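Everything in the sequence shown is counted per the numbering used here, starting at 445 for the first residue and increasing by one. For every residue, glycine included, the Cβ atom is placed at its ideal position computed from N, Cα and C. Here the structure is a predicted model, which means the values were calculated and not measured.
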Amino acid sequence: MKSIILLAFILFSLLPINLTTSIGFIPRYSPSSQYAIGVSSIGSSSLSISTNEVLGYVEVYSVSSSSPFSLQFNAVIKATNIYGEILDFWVQNIIEFNKQELNFTDEVWNFTYSYASINPSLITGKGGIYSINVNGHIIDYYSYSTPYQTYSLPLTYILFISVSYSSPYIYVSIGYGNLSDPTSTIYDTITIDVPNLQNACIYVSPSYTGVGLPYSVELVWGGSGNGQSVDFTNMESDLAIFYQIKSSLYSPFPIIYNYGFDTQESASDLSAYLASDGLVEVSVGTPNPTLLTDYSAPLLPGWTEVTVLANSTYTINGYNFTYNSIKEYGDNFGLPYYISFASPNPITVTIYPVKTNNGVIEPYEINVVEPYTNEEYNTTTITLTLSKNYFQLIVYYKFLPKKFFVYINIPMWGVVNGTPMLVKSGYYYYGTIIQLPLVNFTYINSLERYAFFPNYTEIVVIQNISIYVTEVLQYYIGITSQYPLYGYINNIKVQLYSNWFNESCAIKIPSQIYYVNTKTREILLNPVTILVNSPQNYTAKWQTQYYVNVNSTYPLNGVINNENTTLKSNWFNTSEKIVIPAQIYYVSNSQREVLLNPTNIVVNSPINYTAKWQTQYFVTVSFPVNATIEGESIIFSTGWYNASEKIVISQNPQYVGKYERVYIYNKTPIVIIINSPLVIKIYASVQFYVNFSMSVLGEVNGSLELLKSNWYSMYTIIKLNSTYYNYVSSSERILYIPSITSINVTAPYNVSFKSITQYFLYFNSTYQLEGKINGSEVLLRSGWYNYSETIIIPFQYKMINSYSRIALLNPENITVSGSLTYVADWGIQYYLVILSNHPVYALVNGTNTTLITGWYNRFDKIIIENISYYVNNTMRYSIYNVTLLSFRVTSPLTVSVNYKPEYLVNINGKSFWAFNGSRITLYVETPFYYTVKWIGTYNVRNNYTIIVHSPITERAIYTINFVNIISIGSLLLALISILANIRIFKK
445 MKSIILLAFI LFSLLPINLT TSIGFIPRYS PSSQYAIGVS SIGSSSLSIS TNEVLGYVEV
505 YSVSSSSPFS LQFNAVIKAT NIYGEILDFW VQNIIEFNKQ ELNFTDEVWN FTYSYASINP
565 SLITGKGGIY SINVNGHIID YYSYSTPYQT YSLPLTYILF ISVSYSSPYI YVSIGYGNLS
625 DPTSTIYDTI TIDVPNLQNA CIYVSPSYTG VGLPYSVELV WGGSGNGQSV DFTNMESDLA
685 IFYQIKSSLY SPFPIIYNYG FDTQESASDL SAYLASDGLV EVSVGTPNPT LLTDYSAPLL
745 PGWTEVTVLA NSTYTINGYN FTYNSIKEYG DNFGLPYYIS FASPNPITVT IYPVKTNNGV
805 IEPYEINVVE PYTNEEYNTT TITLTLSKNY FQLIVYYKFL PKKFFVYINI PMWGVVNGTP
865 MLVKSGYYYY GTIIQLPLVN FTYINSLERY AFFPNYTEIV VIQNISIYVT EVLQYYIGIT
925 SQYPLYGYIN NIKVQLYSNW FNESCAIKIP SQIYYVNTKT REILLNPVTI LVNSPQNYTA
985 KWQTQYYVNV NSTYPLNGVI NNENTTLKSN WFNTSEKIVI PAQIYYVSNS QREVLLNPTN
1045 IVVNSPINYT AKWQTQYFVT VSFPVNATIE GESIIFSTGW YNASEKIVIS QNPQYVGKYE
1105 RVYIYNKTPI VIIINSPLVI KIYASVQFYV NFSMSVLGEV NGSLELLKSN WYSMYTIIKL
1165 NSTYYNYVSS SERILYIPSI TSINVTAPYN VSFKSITQYF LYFNSTYQLE GKINGSEVLL
1225 RSGWYNYSET IIIPFQYKMI NSYSRIALLN PENITVSGSL TYVADWGIQY YLVILSNHPV
1285 YALVNGTNTT LITGWYNRFD KIIIENISYY VNNTMRYSIY NVTLLSFRVT SPLTVSVNYK
1345 PEYLVNINGK SFWAFNGSRI TLYVETPFYY TVKWIGTYNV RNNYTIIVHS PITERAIYTI
1405 NFVNIISIGS LLLALISILA NIRIFKK
């Protein structure tokens, strides 16, 4: 395909974009140094960029590092004051990564000269001022950080830095967005105060800032801060940078590098290459800092990017761009540099023809190339709307012989050189005569039509000319009104009828009044402004009003539509209700007027209303009393009274009730005529009847007197004693208790007296005597006590020491029925400790008692009884030993009673009790010829001692002892023999 390609050398003549082009500068870098890796631009020696906004696109597919790291988007703001002085500010929009969280941080540094600081008083934002030591110099800078947040991959952001100014302030907006809305989130807005500011912008150029670094824009990966370098274990991301041309229209930086120029942070193991879609692809690898391309056209997902190769003016989204210089038609023109346009929205491109002295070079075909999809097509349409891809438009032109171009914005039927035809925009030969009607109509239907109005009606073509036909869509507006209706069309007042009106024409029908006569009129209820955008019908709605004439000497209040208002003569709607309620108008604090003719009015015709007022005066009455007005009884008190009224006060005293009255001290009758504000002094008092059931002495307003039933003035203070006594004898009296002891007379009172008979009781006690009267604990002393009261004198004592006390021996309950004498009998008691393994029974003063540890009266006679406790019929417990068996209590004492078990012992049928451990010898006397053996609990011999540990039964068994008998017989025989021998011997 033959083509004539014009590589447009484009100048942006309107701010904020200024570009000059020529690549003649390639920055040097040191292979031994480490850099932040990503994408950057510093333009070239002949290509500098001034813009209000820059974007940095990043999409991260995978990333990991053992250390915190950052993605920095950095740019330089160049400001100039009215004296031509330059101030440089380095602005950073940073994403800080730490493990699985990220945050956004911005920083502003002063690059005006070496070691310059940010003046804290000249910068404001969400952040604050921080300091850093650089080569012994303390440098202040501005910074703000958002809170950390978790993130997940893939991660897509568009970072932005936006600048505007209004002297003396530079406004910097920093934030992030997405592909559909790149600037959706502003997380910090910074204001920099620059005295005498003339202009400010983001500036990109290989020239140097005040600190010796180039004016760069860079979107680079590196350490987290403080010049740190970072190692990445994993990295896969795409980057791109853009600058703003117009609102929502951007251009990629054409000349880009893959390393940072200004930042000190670095990445030790990242490399970056230009991908097939124009994006810069960053991955883990050997660092390769280099120039990537002198023509960058990255395509963002969902965005539109367009490059126009043409030798004529063209517009992008309505903004005009021109080529470098006028060129004659030929095969080669322009420079090998051209600008691309990018936007998240569709882009509309319009190509215009090239005029020459010999004719016109018209664009007749456009070759549309989509480099990233390897598709292309041709079109003859000179206005194209493109979206969501990268497009290169190569424009082809053709030469037309000399004609004059007649432009008509809307084709219109007319006559060309005598021939009727549709007159359209185009080239017409010199001398062509074009005739057009003054107006032409095209009816769509009975209610819609087009009207065409040309600005010329007859033209002879001798030069290029433009005919502007005003095409007006007209609609039929039907207007109905019972009365004449006026309105405004194009600010001209006219009477309105049904007619045709231009589209978008505003028919203003204002509020208006039509007077039928002097007392009746019509109010337009539906004023409206009709924006003519369709056929419409308007019917005027009128409200009839009548004039209501109100006459009143004083201001008159009324209620109209539930709203209170001051009634005056005015116009009112038909059927409207006017409520004139009863009301009072105050002329002064002491005179007022009362409306006598309140009414409700329904407005159905013109009305006259005259208010009638009654004058009243304020009368101050010092004391309200009964009186009569024209024979009618009233209570005459402070208040308002009609003028000329006659008030008569005659009755005295005046009874309010059976027990209340008013007593007047003035001379009566009193006659008063009301003819002005008055002050009436009536000396009177309210009196109440106070009934006393018995006469007693008391105080009346501090004076002692005999109190009896009578009338007492209000607020009289009556005081009674709390008790009154009537003595029957020296030991008997009657107590009277009044029902009330202090009265402030503000009502009738009935004072009754409660009577109680009392007797004098004598209490004789060596010690303080305690008791209870009606449940209350008291110290009992001789005195008066009420009849039938119960006096309990409980047992009580006074401790001498821990083991001795004095106790009341005659506690008693007394019911008062007469005078008596009570003598307290106090005796000494001692504490006895009874130690025993069984209950101890004793006679205490002859009374059987279980003897226990406790208190006993002095001289109590105690005899301990020897009583056994039977376990069964063969075992019992009995007293084994005792400290004392019989004694009198004369001091504290410990008595020990020891019980031991006894067992029943039966010896040869005779029973007795033996203590446990007792020794018993079993023995009986027997002749020699008997032998005894004990049979029973123990089978033992005679004369055997046993120890008692249980019940025992033993019986002696006798047997003949033959051995003893033989022995004795032998002895007897021997004795007999001896005796015989002796007898023989004597002979």
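Problem - Range of the contiguous beta strand (DSSP E) that encloses P1345 - result: 1337–1351
Exercise for the section: Look at the alpha carbon of L1415 and the alpha carbon of F1406, and state the distance between them as a whole number of angstroms. Expected result: 14 Å
Practice task
Please name the residue in D632, T1365, S1312, I486 whose C-alpha comes closest to that of K1344.
Solution key: S1312
Practice task
Could you pull out every unbroken beta strand (DSSP E) segment of at least 3 residues lying fully inside the segment 988–1056, listed in chain order?
Solution key: 1000–1004, 1007–1011, 1014–1017, 1021–1024, 1028–1030, 1035–1039, 1043–1046, 1051–1054
Exercise for the section: Inspect the beta-carbon positions of S511 and G667 and report whether they are closer than 9 Å. Expected result: yes
Handout entry: Inside the segment 600–679 only - beta strand (DSSP E) runs reaching at least 3 residues
Key = 613–621, 629–637, 641–652, 661–667
Exercise for the section: Could you check what DSSP says for P564 in three-state terms: helix, strand or coil? Expected result: helix
Handout entry: Coarse secondary structure for V1260, derived from DSSP in three states
Key = coil
Problem - For Y1099, the nearest candidate out of Q907, P1025, S1129, Q672 (CA to CA) - result: S1129
Practice task
Compute the distance between the beta-carbons of I1162 and G1142, then report whether it is under 9 Å.
Solution key: yes
Problem - C-alpha distance - D1038 paired with T1064, whole-angstrom precision - result: According to the sequence displayed, residue 1038 carries Val and not Asp. Each residue's Cα considered, the two are about 19 Å apart.
Practice task
Would you please state the rounded distance, in angstroms, between the beta carbons of I646 and V498? I believe it to be under 8 Å.
Solution key: 6 Å
Handout entry: Residues that Y1085 bridges to, as DSSP identifies them
Key = Y1061
Problem - Reference N1383, options S869, P1395, I1401, T1370, closest by Cα - result: I1401
Exercise for the section: Report the option in S1183, V1333, V724 whose CA atom is closest to the CA atom of Y701. Expected result: V724
Handout entry: Through-space distance from T633 to F604, alpha-carbon basis
Key = 12 Å
Practice task
Kindly indicate the opening and closing residues of the beta strand (DSSP E) around P1182.
Solution key: 1176–1182
Handout entry: Three-state class that DSSP yields for L1416 in the structure shown
Key = helix
Problem - CA-to-CA distance, Y586 to P780, given in whole angstroms - result: Any reading at P780 must be qualified, since the residue scores a pLDDT of 38, below 50, and its modelled position is unreliable; the value itself is stated next. For P780 and Y586, the distance between alpha carbons rounds to 42 Å.
Practice task
With a threshold of 16 other CB atoms inside 10 Å of the CB of S1226, please say whether the residue is buried or exposed.
Solution key: exposed
Practice task
Could you tell me which of S1322, S1248, I1093, Q1131 sits nearest to K1102, measuring between CA atoms?
Solution key: Q1131
Exercise for the section: Write down every uninterrupted run of the alpha helix (DSSP H) in the segment 870–917 whose length is 4 residues or greater and which is fully enclosed by it, in chain order. Expected result: none
Exercise for the section: Please list, in chain order, all residues of the same chain as I1187 whose beta carbon is under 6 Å from its beta carbon, the five residues on each side excluded. Expected result: I1162, Y1193
Problem - Distance between E892 and I953 (C-alpha atoms, nearest Å) - result: 22 Å
Exercise for the section: Given a cut-off of 9 Å, decide if N1001 and I974 are closer than it, judged by their beta-carbon atoms. Expected result: no
Handout entry: Helix, strand or coil at S1157 [DSSP, three-state]
Key = strand
Practice task
Can you give me the Cβ contacts of N884 inside the same chain, cut-off strictly under 7 Å, excluding the 5 residues immediately before and after it?
Solution key: M856, W857, F896
Practice task
Name the one or two DSSP bridge partners that Q1432 has.
Solution key: Residue 1432 is absent from the structure shown; the chain starts at 445 and stops at 1431.
Problem - 9 Å Cβ cutoff, I909 in contact with chain B - result: You won't find chain B in this structure, because it holds only one protein chain.
Problem - Nearest-angstrom Cα separation, counted from S869 out to V483 - result: 49 Å
Practice task
Would you mind sorting D532 into buried or exposed? The rule is 16 or more other CB atoms within 10 Å of its CB.
Solution key: buried
Practice task
Report yes if the C-beta distance between D711 and D675 is below 9 Å; otherwise report no.
Solution key: The residue you asked about is not Asp; residue 711 is Ala in the sequence shown. Going by C-beta atoms, A711 is nearer than 9 Å to D675.
Exercise for the section: Could you say if the segment 564–583 and the segment 595–604 meet the contact criterion of at least three C-beta pairs nearer than 8 Å? Expected result: no
Problem - Alpha-carbon to alpha-carbon, N1218 and G1290 - result: 37 Å
Practice task
In the DSSP assignment, find the beta strand (DSSP E) that holds P864 and state where it starts and stops.
Solution key: 863–867
Exercise for the section: Could you please give me the residues that DSSP links to M1319 through a beta bridge? Expected result: N1316, Y1347
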